[in-house]
Amino acid sequence: PRITFVEPDGAARTLDLPVGTTLMLGATQNGVRGILADCGGCCSCATCHVYVDEDWADRLPPPEPAEEEMLHGAAAERLPSSRLSCQITVAEALDGLVVRIPDRQV
Ligand code: FES
C-alpha cells in the first residue's frame, strides 16, 4: 500500500510499505524526516505524532486508550486528526493514506 508522508517543511514522500508494518517503522526506515519514535514503537513517547488526512480519519481503527493518553503529552498541538504513527498498522485498505508530520515532536 502506498502511504504519503508530508514532512514538516511540506515535502511529500510517498512510500510503498509492506502490510503489517507500522507507519512509524515505514517512515523511520525510509528516512522520512520529522518522526523521532524515541520509544521504538511501544506507545510511550508520543514523538511519532502525525496528523491523518481528514478524509481518512474515520477509516482508521480508533485509538486505544493508551494511545489517547499519550497523545495528551504530544509536543505539537493535538488535533482531532492526531494519531501516533507507531499505533497504525499498514493494511491494503490504507492504500493512498496521507499523513502530515508536525513541526516538532519534543
Ligand atoms: Fe513512541 Fe510511537 S514511537 S509512542
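Quick note: the sequence shown uses full-length UniProt numbering, first residue 2, plus one each step.
The C-beta atom is built at its ideal place from N, Cα and C for all residues, glycine as well.
Computed from a predicted model, the values in this text were never measured in an experiment.
8 angstroms Cβ shell around residue i - same chain, five flanking residues per side excluded
i	result
A77	H50, P103, D104, R105, Q106
8 angstroms Cβ cutoff, residue i in contact with chain D
i	result
L95	No chain D is present in this structure, which holds just one protein chain.
Distance cut-off 7 angstroms: residue i Cβ against heavy atoms of the ligand FES
i	result
residue 1	Residue 1 lies beyond the residue range present for the chain, which begins at 2 and ends at 107; the question has no answer from this structure.
residue 1	Any answer about residue 1 is impossible in this case: the structure gives the chain only from 2 up to 107.
G41	yes
A28	no
S45	yes
Candidates the options, of which the one nearest residue i by Cα
i	options	result
T15	A58, M25, E8, I4	I4
Y52	S82, A28, L37	S82
D96	A75, E65, D54	D54
L18	N31, G74, E70	N31
D59	G11, G74, A13, A94	A94
R101	G35, T29, T22, P63	G35
Limits of the beta strand (DSSP E) - the one that residue i falls within
i	result
L16	13-17
Rounded C-alpha distance that separates residue i from residue j
i	j	result
Q88	E8	19 angstroms
D39	T48	6 angstroms
L98	S86	12 angstroms
L37	L61	22 angstroms
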